[in-house]
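**Q** Using mature numbering (1 follows the signal peptide of the UniProt record, and there is no 0), the letters of the sequence shown correspond one by one to residues -32 to -1, 1 to 735.
Here it is, the structure, as structure tokens.
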Amino acid sequence: MAPRTLRRRPALVLAATALCAALLAGSSPAAAGRDAPPGRAADERVRDLLRRMTLDEKIGQMTQIAVIRLQGDCRESGGELGEACLRTVLRDHAVGSVLSGGGMGPPRNTPADWARMVNAVQKYALEHSRLHIPVLYGVDAVHGHNNVLGATVFPHQIGLAATWDPALVRSAADATARAVAATGIDWNFAPVADLARDRRWGRYYETYGEDPLLAGALAAAAVRGTEGARGAKRVAATVKHLGGYSEPANGHDRVPADVSQRYLQDTLLAPYRTAIRAGAQSVMVNSGALNGVPATASRHLLTDVLRRQWGFTGVTVSDWQDVRALWTKYKVAADYPHAIALAVNAGVDMTMEPYEAGEFADGLRAAVRSGLVSRARIDEAAGRVLRMKARLGLFERPFADAGRANTEVLGADRDLARRAAAASQVLLRNDKGVLPIPPSARKIVVAGAHADDMVDQAGGWTVGWQRVPDGVRLPGTTVLEGIEEAAPAGTRVVHAPDARRAAEEARTADVTVVVVGEKAAAEGEADSPRPELAADQQALVSSLKASGRPVVVVVLAGRPLVLGGAAGTDGLLMSWLPGTEGGHAVADVLFGKVNPAGRLPVSWPRRTGNEPLYYQQLPGTNAGAESAHDVAYDFGDGLSYTTYRVDSLALDAPSVPAGREVGMTVRVSNTGARDGDLVLPVYASRPVSGVLAPPRKLVAFTTVRLGAGQSRTVRLTVPASALAVTPGDLDGAGPPHVEQGAYVLTTGERTATLDVSRGAPAGNARP
Ligand code: NOJ
């Protein structure tokens, strides 16, 4: 690659190029982002650029292309960056953003190679675009900087949700953003704010669980962690996939969903709103269709709700090829220009058009010329993209120091990832106190194919899109290795990967730990019409149970699985997809180094076939089997090695006007002999309500650290929006409103009745 020499370079580019040279020479970078101009200066820069930009250059800012179009033969082969490809995309089409989709990286996968690749793309854009505008580089770092080999892989979101700990989620996002920044990348396509309500859906594990309050709080924490990180560069978060992506009609990814406006507004949209209000700089649009309208074409969703109701001012990016899909798949547009016009007018600022920047440019130019899209809308969209670049400090600090990337990324934050994975463990059964495994245990048998399998332990979106590619060794610790390392001297660990041998060895074991689970996969390929434990794994556990000796099942999976023949063991530990440090974390809990504190962020079904399944199921009149919320383990369940008691619950006032938040104090005690972390949820129920209310609804939560025997009083607040519902008949469309009347608040065994009196007449809790 031979960059052309520039005849006239503005001072900005000279500075950027000099900085690049310094960085490539290995000089130490200043802390990131501190050079970013304040808001007014950024606005002025954007106005100035827009004044000087051509229509094509503005369209370029609205385009995002996959890095594979810049590599090799400029098609999909990957390889080294190619001068001809860079020229077409970054100079001729003036493309404003590049992404690495799952598994799309440099030919040699090291952090330093990533940084060199991203720096080179950036350098080319700065030097060859007419106005020397930096590119925004996006990546899916959804559980650590997961595409980069050697980066620490955190638990997937569903596991982090089981911690119920926003501070921990924030720290994980901060660590991820620092790793992302160290490789020169400024935009992370995370967090996911979709809800996990249908276990058949392949992206269940990418969510923070089934509850809108919990998922919203954790997604907001991830946004703060990402955007507050102080690494080599600033990193923007993306709240995705707006909205209601998670309940496709038949459980298969990207199949259209039909949801009532009430359910959409009160439940599905709530977590995105909370996360966006935490300051997210970008939003990615749902690939699917809702109520007969593709989200990418919904002006109601992307403008009326997102911008007008929620006040979002950042960048809205489409998902993969979704603007084109309005024409080719959904057929709501007759050709590409009309599809582009639909999306852009609905509110899409940037189109993820991974392969065909030129076609997008031609289409949008044609749409502008024929009056389908106004120039004002182009300025608005391109202006938002430029403003995001300015806010990130990209004009001042476009590069990362490739010389430092390996040191900053390889193995970084392992202790944090181990702590997060340990905190995500949910102990669901512990009969006869089988756990923690006592130091007196002489023989531990470890069985199950998942016991020594880093690929399935890490899950989808790890190094590759679907999973760690064949032939690639992911550094990390498997459950077997974790157990071997943690077992006390004098305890023999027998690995029995073969089912027959495992059954034999189990007969003389003090305990058998059998690790079962799912195969790693992502998106549609992870769909599972029957989310159950595979028959051979059920048979294995049954044969181990027949030994008559204690058996502990450890599940490595992205969703609760119907256990069938594997149910009913003495111990059951849900470990989710715990990442590279997962083996240590599981062992920490099995041997009692960590007292388990995770709680289910989802409902665990008893049988297959009752999807969607969630604890907020509304009441009905069918009293037949399985028609109610019929679960093996409920939302919020999880055991500990100690015991707790909720001593009292006191509301600040017995009555509040509608639309006000509700304060309370709760006294809790650790009544056992071990220190522990208690998750304290507060649920609301309605004795009588205008629109159907679930039997309980999470309205507040906190976590409390309690030493053995210790008591503490904690404060919680219920936001008015947690009590609000869309009022009215079948055609109810909002705005959400807190109904007057009685609300029963419950935590543990304690309840208190709150009387909500008349507040503002309508929309008193407008979200
Ligand atoms: C498609 C996925 O739906 C989305 O989550 C991801 O961010 C983009 N591809 C980019 O890889």
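Backbone N, C-alpha and C define an ideal beta-carbon position, used for all residues, glycine too.
Since we're looking at a predicted model, the values are computed, not measured.
Let me check you understand the geometry: is the CB of Asp108 closer than 7 Å to at least one non-hydrogen atom of the ligand NOJ?
**A** Yes, since a heavy atom of the ligand NOJ falls inside the 7 Å radius drawn around the Cβ of Asp108.
**Q** Between the alpha carbons of Gly727 and Gln229, how many angstroms are there, rounded?
**A** Their backbone Cα atoms lie some 24 Å apart in a straight line.
**Q** Could you tell me the boundaries of the alpha helix (DSSP H) in which Ile346 lies?
**A** Element bounds for Ile346: 343 to 359.
**Q** Taking its Cβ as the centre, do 16 or more other Cβ atoms sit within 10 Å of Lys26, making it buried, or is it exposed?
**A** Buried, by the Cβ-count rule.
**Q** Got a sec? Which residues, its chain only, sit under 6 Å from Ala(-11) by beta carbon, not counting five neighbours each side?
**A** Below a pLDDT of 50, predicted positions are generally treated as unreliable, and Ala(-11), at 36, falls in that range; the measurement from the model is reported next regardless. Excluding positions up to five away in sequence, the list is empty.
**Q** Mapping the DSSP letters down to three states, classify Gln39 as helix, strand or coil.
**A** Here Gln39 sits in strand by DSSP.
**Q** State the DSSP-derived secondary structure class of Asn313, mapped to helix, strand or coil.
**A** Three-state DSSP puts Asn313 in a helix.
**Q** With DSSP as the reference, label Phe669 as helix, strand or coil.
**A** If DSSP states are grouped into helix, strand and coil, Phe669 belongs with the strands.
**Q** For Val562, I'd like the list of residues in its chain whose CB is within less than 7 Å of its CB, leaving aside the five on either flank, ordered along the chain.
**A** The residues are Ala390, Asp556.
**Q** Runs of 3 residues minimum, wholly inside the segment 451 to 528: which ones carry the beta strand (DSSP E) assignment?
**A** Runs of the beta strand (DSSP E) inside the segment 451 to 528: 460 to 464, 479 to 485, 519 to 524.
**Q** Could you check where the beta strand (DSSP E) with Tyr651 kicks off and where it finishes?
**A** Its beta strand (DSSP E) spans residues 644 to 653.
**Q** Going straight from the alpha carbon of His113 to that of Lys201, what length do you get?
**A** Rounded to the nearest angstrom, the two C-alpha atoms are 15 Å apart.
**Q** I believe Leu294 touches Ala265 by the beta-carbon criterion, under 8 Å. Please report the beta-carbon distance rounded to the nearest angstrom.
**A** Rounded, the Cβ-Cβ distance is 5 Å, consistent with contact.
**Q** By Cβ distance, which residues of its chain are closer than 6 Å to Gln505, with the 5 residues on each side in sequence left out?
**A** The residues are Val484.
**Q** Less than 8 Å between the beta carbons of Val530 and Ser543, yes or no?
**A** No, the Cβ-Cβ distance between Val530 and Ser543 is not below 8 Å.
**Q** Is Val656 buried or exposed, if buried means 16 or more other CB atoms sit within 10 Å of its CB?
**A** Val656 comes out exposed.
**Q** Which value, in whole angstroms, describes the spacing of the CA atoms of Gly73 and Asp142?
**A** If I take the Cα positions, the gap works out to 22 Å.
**Q** Touch check for the segment 329 to 349 and the segment 304 to 316: three-plus C-beta pairs under 8 Å?
**A** Verdict: yes, contact present.
**Q** Any heavy atom of the ligand NOJ within a distance shorter than 7 Å of the CB on Lys208?
**A** Answer for Lys208: yes, Cβ within range of the ligand NOJ.
**Q** Hey, Leu442 and Ala470: beta-carbon distance below 8 Å or not?
**A** No, they are not a contact pair.
**Q** For Thr719, count neighbouring C-beta atoms within 10 Å of its own C-beta (all shown protein chains included) and say buried if the count is 16 or more, exposed if not.
**A** Exposed.
**Q** Tell me which same chain residues have a C-beta within less than 8 Å of the C-beta of Asn578, skipping the five on either side of it?
**A** Only Glu594, Asp598 meet the Cβ criterion.
**Q** Which first and last residues belong to the alpha helix (DSSP H) in which His552 is found?
**A** Counting along the chain, the alpha helix (DSSP H) containing His552 begins and ends at 550 to 558.
**Q** With DSSP as the reference, label residue 741 as helix, strand or coil.
**A** One cannot answer for residue 741 here, as it falls past the ends of the chain, which runs -32 to 735.
**Q** State yes or no: is the C-beta of Trp288 nearer than 7 Å to some heavy atom of the ligand NOJ?
**A** Yes, Cβ of Trp288 sits closer than 7 Å to a heavy atom of the ligand NOJ.
**Q** The alpha helix (DSSP H) spanning Pro79 covers which residue range?
**A** Element bounds for Pro79: 79 to 96.
**Q** In three-state DSSP terms, what is Met422?
**A** In the structure shown, Met422 sits in a helix (DSSP, three-state: H, G or I).
**Q** Check whether the Cβ atoms of Tyr601 and Leu568 sit closer than 8 Å, and answer yes or no.
**A** Against a cut-off of 8 Å, the Cβ pair of Leu568 and Tyr601 comes out as a contact.
**Q** What would DSSP say about Thr721, mapped onto helix, strand or coil?
**A** In the structure shown, Thr721 sits in a strand (DSSP, three-state: E or B).
**Q** Please report the residue range of the beta strand (DSSP E) in which Val283 lies.
**A** 283 to 285 is the span of the beta strand (DSSP E), which, as asked, contains Val283.
**Q** Tell me whether Pro366 is buried or exposed, calling it buried when 16 or more other Cβ atoms sit within 10 Å of its Cβ.
**A** Answer is buried; the Cβ neighbour count reaches 16.
**Q** For Leu395 and Arg352, I'd like the C-alpha separation in whole angstroms.
**A** Cα to Cα, the separation comes out at about 46 Å.
**Q** Using 10 angstroms around the beta-carbon of Pro622, count the other beta-carbons present and answer buried if the total reaches 16, otherwise exposed.
**A** Counting Cβ neighbours within 10 Å, Pro622 comes out exposed, since fewer than 16 surround it.
**Q** Ordered along the chain, which non-local residues of its own chain (more than five positions away) have a Cβ less than 7 Å from that of Val461?
**A** These residues qualify, in order along the chain: Ile412, Val414, Ile451, Glu452, Ala455.
**Q** Between Asp723 and Val706, what straight-line distance do the alpha-carbon atoms span, to the nearest angstrom?
**A** The alpha-carbon atoms of Asp723 and Val706 are separated by roughly 11 Å.
**Q** Comparing C-alpha positions only, which one of Thr430, Thr685, Thr721, Arg19 sits nearest to Glu348?
**A** It is Arg19.
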